[in-house]
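Per this note's numbering, the very first residue in the sequence shown carries number 5; after that it's consecutive.
Every residue gets a Cβ at the ideal spot worked out from N, C-alpha and C, and that includes glycine.
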Amino acid sequence: MTTFFIADIHLCAQEPAITAGFLRFLREDAPQADALYILGDLFEAWIGDDDPEPLHAQIAAALNQLHQQGVPCFFIHGNRDFLLGRRFARDSLMTLLPEKKVLELYGRRVLILHGDTLCTDDISYQNFRKKVHNPLIQKLFLMLPLKWRLGIAAKMRANSKASNQGKSLAIMDVNPQAVVSEMQAAGVEWMIHGHTHRPAVHDVPLGEKTCHRVVLGAWHEEGSMVKVTAENVELISFPF
């Protein structure tokens, strides 16, 4: 009994090495699991399911094949691919989940989420997130011509990069109280998330108990996953 968790792969046509590493992971590693959970930012950007980018069809086919091998895939939206929709989910046979989900895994209650909602000290980002998650704004954006959406997405990424250069690392990390509040509300002793690109296993004191928060790494130079079995929870890095 094994469940895999990954996040922050940031697939794009400009990074073929990451794509090759991810496809190898789906072919060779993921079939060993009972289920695969992708906790956001599978893609570097997503401007709509109608984007004809060939990479998207390639990834959908690989995820579809994994499902055909008996390994279901579940997806939580990230801050880069929050517009990924039902069409891609249908093509890939991937199940879309809400932004946070509690799993019962081998006797453990585990809260999974992308992680950006935990970064409450980054007020400017949280305000931006609230705007772009407005269903009306999303609907209007997806009605725009593809060329316009590509330009808007490129400008937003450039603005985000410039904005982050002026922020401290502490502001862009999770807020400890936000972590505690989410874990208490969900009644869990484990949390798994991505987003911050700071892979680690943290102890979280909750009353008289010591709980745990596992942070996935980004797939920049190596792969990163959390492997959960009945015996253990492991954070694993591996070469592409």
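Can you round the beta-carbon distance between residue i and residue j to whole angstroms, since I take them to be within the 8 Å contact cut?
i, j, result
"residue 122", "residue 206", "The pair is not a contact, with the Cβ atoms about 12 Å apart (cut-off 8 Å)."
"residue 110", "residue 24", "The pair is not a contact, with the Cβ atoms about 32 Å apart (cut-off 8 Å)."
"residue 92", "residue 42", "Incorrect: roughly 12 Å between the Cβ atoms, too far for contact."
"residue 97", "residue 68", "5 Å"
"residue 6", "residue 33", "That pair is no contact at about 10 Å."
"residue 73", "residue 35", "5 Å"
"residue 229", "residue 8", "5 Å"
"residue 21", "residue 244", "6 Å"
Spatial neighbours of residue i within its chain, please: C-beta separation below 7 Å, excluding the five flanking residues on both sides.
i, result
"residue 89", "53"
"residue 19", "none"
"residue 245", "Residue 245 cannot be examined here, being either before or after the span of the chain that is shown, 5 to 244."
"residue 107", "114 and 116"
"residue 64", "92, 95 and 96"
"residue 157", "49 and 51"
Are residue i and residue j close, meaning C-beta to C-beta below 8 Å?
i, j, result
"residue 16", "residue 47", "yes"
"residue 40", "residue 70", "yes"
"residue 84", "residue 45", "yes"
"residue 210", "residue 184", "yes"
"residue 167", "residue 203", "no"
"residue 193", "residue 112", "yes"
"residue 87", "residue 169", "no"
Considering residue i, what are the terminal residues of the alpha helix (DSSP H) in which it resides?
i, result
"residue 92", "90-96"
"residue 156", "150-169"
"residue 186", "180-190"
"residue 75", "Per DSSP, residue 75 belongs to no alpha helix (DSSP H) and is neither H nor E."
Using C-beta distances below 6 Å, list every residue in its chain close to residue i, excluding the 5 sequence neighbours before and after it, in chain order.
i, result
"residue 146", "52"
"residue 13", "26, 46 and 223"
"residue 140", "none"
How far does the beta strand (DSSP E) with residue i in it reach, from first residue to last?
i, result
"residue 42", "39-42"
"residue 116", "112-117"
"residue 25", "It is not in any beta strand (DSSP E) - residue 25 instead sits in the alpha helix (DSSP H) that spans 20-28."
"residue 217", "213-219"
"residue 204", "204-210"
"residue 5", "Unbroken run through residue 5: none, as it is neither H nor E."
"residue 172", "First-last for residue 172: undefined, no H or E at that position."
Between residue i and the rest of its own chain, which residues show a CB-CB distance below 8 Å, the 5 nearest in sequence each way excluded?
i, result
"residue 104", "80, 115, 116, 117, 121, 186 and 190"
*asked:* Would you call the region 170-185 in contact with the region 124-139, where contact means no fewer than 3 C-beta pairs closer than 8 Å?
replied: With the rule of 3 Cβ pairs closer than 8 Å, the region 170-185 counts as touching the region 124-139.
*Inspect the CB distances between the region 130-145 and the region 201-217 and report whether three or more fall short of 8 Å.*
no
*Say whether the region 184-203 touches the region 220-232, bearing in mind that this needs 3 or more beta-carbon pairs closer than 8 Å, one atom from each stretch.*
yes
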